[in-house]
Amino acid sequence: MTAELDLPAYFQRIDHHGSNAPTLATLAAIVKAHAAAIPFENLDPLVGRTPALDLAGLESKLVRGGRGGYCFEHNLLLSHVLRALGFQVRGLAARVIWNQPEGRVTPRSHMLLHVDLDGAPHIVDVGFGGLTLTGVLRLVGDREQPTPHEPFRLVADGGYFGMQALVRGEWRPLYRFDLQEQFQPDYEVTNYFLSTHPASHFRTGLMAARALADRRLALRNRDYAVHHLGGETERRVLDTTEELRRVLADEFRIDLPADPALDQALDGLPR
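Residue numbers (my numbering): 14 to 284.
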């Protein structure tokens with residue numbers, strides 16, 4: 014699966030110049046650099062295109078094309094990279110519960126990675142938008158773990174784990190997952206549904222996020238927020254398509270296509 018992977022191009026894309034040995038330090042450095050360099054964005058589903066999940070498509074878009082993507086794209090690309098470096102990686106799936114009513118059963122619509130290091134399981138996830146995990150978590154329950162951004166923890170619950178982040182002093186649930194391995198066809202099916210179903214939030218609104226060393230950037234439709242690690246948040250509304258394009262290009266570092274369909278989608282975002 015990794016025979017054609019262009020590792021030098023990927024490392025140049027994320028500005029990684031450190032060790033490539035399959036160690037915890039290497040994994041942590043790659044995860045942090047990936048989250049800072051490759052943005053989360055849903056421009057393809059927004060204009061009605063299903064993102065390609067094969068290796069060639071992932072590299073063309075995220076590595077050489079100056080674009081970002083959503084969870085399947087980010088974590089599948091990272092899984093190819095980690096396997097090429099000698100890491101033991103398995104794909105997992107999660108039910109997103111962020112901003113959902115308590116008790117609602119949601120589909121397995123999110124991808125994350127299980128990585129074994131010296132026999133110890135870890136969790137990696139570079140594709141959860143505004144609260145993307147920028148560090149590496151030990152797969153242990155009920156223990157607060159530091160990351161380059163917020164503290165995270167995994168809450169064990171009868172064979173499942175709940176991913177939580179400490180946001181403004183409150184533990185917020187993000188998603189719930191088990192350890193059943195998922196494969197490319199599993200992600201292809203969900204990817205198609207999320208990028209084509211008219212009720213999918215990836216089809217009906219704009220999302221972008223990036224995790225820099227001292228702040229997180231988040232865009233939801235026209236609402237742009239900069240969350241500083243010290244706790245302060247700056248917010249503003251992007252009223253025009255020109256402003257949206259400028260922020261997407263300059264702040265999120267997305268190489269925007271000159272696409273009339275994208276301009277139409279941006280123009281149509283709720284005001």
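We treat Cβ as the ideally placed atom computed from N, Cα and C, and that holds for glycine.
Within the same chain, and ignoring the five residues on either side of G82 in sequence, the residues whose Cβ sits closer than 7 Å to its Cβ are E54, P64, K74 and L75. In this structure, the beta-carbon distance from L125 to L192 does not fall below 8 Å.
In the DSSP assignment, I43 falls within the alpha helix (DSSP H) that extends over L37 to A50.
Under the three-state reduction of DSSP, Q25 is assigned to helix. For V137, the uninterrupted beta strand (DSSP E) segment begins and ends at A133 to V137. In this structure, H240 and V139 do not form a Cβ contact; the two beta carbons are roughly 18 Å apart against a cut-off of 8 Å.
Counting every other CB atom within 10 Å of its CB across the protein chains shown gives P211 a total below 16, marking it as exposed. For R108, the three-state secondary structure derived from DSSP is strand. Taking C-alpha positions only, L275 is separated from D57 by approximately 9 Å. With a threshold of 16 other beta carbon atoms within 10 Å, Q177 meets it and is buried.
For F190, there is no enclosing alpha helix (DSSP H); the enclosing beta strand (DSSP E) has its first and last residue at E183 to F190. Between R108 and R121, the beta carbon gap of about 6 Å places them in contact (Cβ cut-off 8 Å). Within a 10 Å sphere around the beta-carbon of S208 sit 16 or more other beta-carbons, which makes this residue buried. If you ignore the 5 residues before and after A169, its C-beta comes within less than 7 Å of the C-beta of G154 and D155, all in its own chain and listed in chain order. T246 is bridged by DSSP to H240. For secondary structure counted as the beta strand (DSSP E) over 3 or more consecutive residues, the segment 155-234 holds these complete runs in sequence order: 165-170, 173-180, 183-190, 220-224 and 228-233.
E54 sits in a strand when the DSSP states are folded into three classes.
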